[in-house]
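Enquirer:
Protein chains in written order, with our numbering: chain A, 528 to 643; chain B, 1278 to 1392.
1. Quick one: grab the DSSP three-state call for residue 612 of chain A.
2. Taking DSSP as the reference, what is the three-state secondary structure of residue 1376 of chain B?
3. May I ask which residues mark the beginning and end of the beta strand (DSSP E) holding residue 550 of chain A?
4. Find out if the Cβ-Cβ distance for the pair residue 1335 of chain B, residue 1298 of chain B is shorter than 8 Å.
5. Does the distance from the C-beta atom of residue 611 of chain A to that of residue 533 of chain A stay below 8 Å?
6. Helix, strand or coil for residue 597 of chain A? Go by DSSP, reduced to three states.
7. Going by DSSP, what residue range makes up the beta strand (DSSP E) through residue 1339 of chain B?
8. Under the DSSP definition of a beta bridge, which residues are partnered with residue 538 of chain A?
9. In or out: residue 1318 of chain B buried (at least 16 other Cβ within 10 Å) or exposed?
10. Name the chain B residues whose beta carbon is nearer than 7 Å to that of residue 631 of chain A?
What follows is the structure, given as structure tokens:
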């Protein structure tokens, strides 16, 4: 596709339910990032995939959060037993990684998660 | 560890004035890149400008320029002739080889342009 695609764009779920958020990066981009953003706040790093390296999971807030990236392309962020504090916009970004580093990250439109 | 600091949580600027958004960084990486993004109220993240650590000249993109002072580890964004549409959150970010090209983000500055 032309850009980073995230689905769903909006998700309302009941407390305690599991949710899956999907990110389709730009084809060929080896780096994929997940962030969480609460209203009016900055980007909270969640997880980073880069090529064949082990993912950097240091930002995942609890063991209820997990993510995978299949075949170096599509990524799924899973939140188990959702809590109200999980309500936020979840942003995915992808980028090429090359020695010159002048390759910006492209962001999806985000998934707005509301836990009720 | 790498770190980005944006010390201005919010700024008000009169339309048509120039505005400088501060960004300082901390890294031991000899090679790194610096990025600025804009996030309007619609929520999309828009890439504005890039500066490489070895670039000799300050980056410019239209009304945006980056005041890069390597010795001071600062990469301030300058917006000339501000417009109402410039009202948004602005984020500074850094990527370095030693961090496996992970993007490190500042907390952001909320810029409001007054008519």
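Cβ coordinates follow ideal geometry from the N, Cα and C atoms, glycine included.
Being a predicted model, the structure only gives us computed values, none of them experimental.
Expert: With the structure as the only source:
1. helix
2. helix
3. 546 to 551
4. no
5. no
6. helix
7. Looking at the DSSP string, residue 1339 of chain B is not in any beta strand (DSSP E), and its letter there is neither H nor E.
8. A/640
9. exposed
10. 1312, 1324 and 1327
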